[in-house]
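Structure record follows, encoded as structure tokens.
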Amino acid sequence: MDSLAPDPKPVAAEPRRPVCVRLPAALAPLFPDAPRRLEVEAATVSDLVDALDARWPGMRDRICDSTPAIRRHMNVFVDGERVGLDAPLPPGADVFILTAISGG
Amino acid sequence: MTDTVFVLVGTRKGAFIAASDPARREWSLKGPFCETWPINHVIADPATGTVYAAGGNEWFGPAVWASKDRGETWTHSSAGLAYAAGETPIKAVWSLAIRDGVLYAGVEPAGLFRSTDGGETWSHVAGLRDHPSRPQWQPGGGGLILHSIVLHPRDPGQIWVGISSAGVFHTFDGGETWSPRNRGTRADYMPEDQRYPEVGQCVHCIVMAPGNPDRLYQQNHCGMYRSDDGGVTWESIEEGLPSTFGFPAAAHPRDPDQLFLAPLNGDIQGRFMPDAKGAIWRTRKGGTAWEAKREGLPQENAYFGVLRQAMATDRLEPAGVYFGTNSGTLYASADEGDSWAALAHHLPVITSVETVVMPA
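Quick note, the sequences are listed as chains U and A, same order.
Here the first sequence is numbered in our numbering, starting from 1 and rising by one per residue.
Here the second sequence is numbered in our numbering, starting from 1001 and rising by one per residue.
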């Protein structure tokens, strides 16, 4: 054994950077204590919706249907791209959940 | 304590609640509630005073709203109000009914749900959609909607539902098994030799006569009907009416022979008041004789319709009758339809009207 070899340093797991989520104005009154902007740790859009639902029960039903899919008149954008429920979330991504113009 | 009459109104842009003392001459109106969601039906549980509003929002999907303080604050839920993954999702809740604390919700696409915790969670009454006729169910103009729920006043196992356009179904066992109850009702839109099918009728509304659970009244796309055997057979009561087409029906609170209808001019002629003259038609003879009740209603240029859940009576003496138009006027009569006055103008499209009388 080479005693000169440096001991391996323990590698600290890098904390996953949360994503920044913006919620639509029409959603906020349905969950009165929900902010319009928050940070959430999630690896996919589906995980993100689950995390929102855990904090504000019922929020998943407003964003997703039972297919399961993002509702027809809702849109989720991740770093500027419109995505589906299975889309991965890069660390630190900007996520916009928006009501579509067609739905009102 | 003086009673207050509440008129619960569903509209395309939220729920409204009108209130008056029992004289029913002066009304206050509050709303819109439910964040201006499209609301298809609003009812109250007379036992608790809780108001429930059913609807569906194009962005956020179906939900049932609840208010325990007569509209001041609301919560909403759709927990469990869903079909299995892969099935067409529920678009909206269309109708509500409550008995002994058990709340039922009819939805689009047609199905029935039950809640035993005041609408916080729901379970599917799956037996209805298991009926072998379901592949034949076709949507009507308003979608494949379950819009009428009639609960037996004493037997919790018995429920009737109306589905457009699958027809009337009945269960004896609380929803496990169902049978069609359409014998004698026409389907004029079918080929001539198929106009009395077992299912596929376009029922628009069913109501139960007070004190007589065997007597049901039905407004259908194709005629008006009465049943005296719980819907096993139906008999036409359209003779004497100006058309065979309309949407709502409202039973009297005490007299099983008294019924109110709002016939329209026909399904392909605009679906407004016949000759553009407002009238609600009343029978006090179980549908064998009719009289038009027009006093106070516009007698020219009345190009409005009344949707399937938009007429109701109250339980006062004499009974009040209320209807809302698809052009946003809410009419009230405090004398069983003999005279009418507008309670509110310029509301959104009125989809439903119900009443409850409670202490103020």
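Every residue gets a Cβ at the ideal spot worked out from N, C-alpha and C, and that includes glycine.
Sequence-ordered contacts of the region 47–80 of chain U with chain A read Gly58, Asp61, Arg62, Asp65, Ser66, Thr67, Pro68, Arg71, His73 and Met74 [C-beta pairs closer than 7 angstroms]. Burial state of A/Asn1220 is buried, judged by a 10 Å Cβ sphere holding 16 or more other Cβ atoms. Note that the region 1136–1150 of chain A touches the region 1163–1171 of chain A; at least 3 beta-carbon pairs, one per stretch, sit closer than 8 angstroms.
A/Gly1320 and A/Ala1341 have their alpha carbons spaced roughly 12 angstroms apart.
In the three-state reduction of the DSSP assignment, U/Ser46 falls in the helix class. Within the region 1062–1082 of chain A, the residues whose Cβ lies closer than 7 angstroms to some Cβ of chain U are His1076, Ser1077, Ser1078, Ala1079 and Ala1082, listed in chain order. Residues of chain A with a Cβ closer than 8 angstroms to the Cβ of U/Thr99 are, in chain order, Trp1059. Where U/Asp61 is concerned, the enclosing alpha helix (DSSP H) starts and stops at Met59 to Ile63. CA-to-CA, the gap between A/Glu1035 and U/Pro32 works out to about 12 angstroms.
In the DSSP assignment, A/His1041 falls within the beta strand (DSSP E) that extends over Ile1039 to Ala1044. Taking CB atoms only, U/Pro29 has a neighbour in chain A less than 7 angstroms away. In the structure shown, the three-state DSSP call for A/Arg1114 is strand.
Counting only the Cα atoms, A/Arg1271 lies some 16 angstroms from A/Gln1299.
Taking a 10 Å sphere around the C-beta of A/Ile1280, we find 16 or more other C-beta atoms and assign the residue as buried. Non-local C-beta neighbours of A/Pro1248 in its own chain, meaning closer than 6 angstroms and more than five positions away in sequence, comprise Cys1205, Ala1262, Val1306, Arg1308, Ala1310 and Met1311, ordered along the chain. Against U/Ala26, the close residues of chain A are Trp1059, in the order they occur along the chain (beta-carbon pairs closer than 7 angstroms). Interface annotation, A/Glu1108: not in contact with chain U, CB-CB separation never under 7 angstroms. The straight-line gap separating the alpha-carbon atoms of A/Gly1324 and U/Ala69 is approximately 36 angstroms. Inter-residue distance for U/Asp65 and A/Pro1089 is about 6 angstroms (C-alpha atoms, whole angstroms). For A/Arg1315, same chain residues with a beta-carbon under 6 angstroms away, outside a window of 5 residues either side, are Pro1253 and Val1357 in chain order. Taking the CA atoms as reference points, A/Glu1072 sits about 19 angstroms from U/Leu27. Between A/Ala1360 and A/Thr1004 a beta carbon distance of about 4 angstroms is seen, short of the 8 angstroms cut, so the two are scored as contacting. A distance below 6 angstroms between beta-carbons, with the five flanking residues on each side excluded, links A/Gly1287 to the following residues of its chain, in chain order: Arg1226 and Ile1237.
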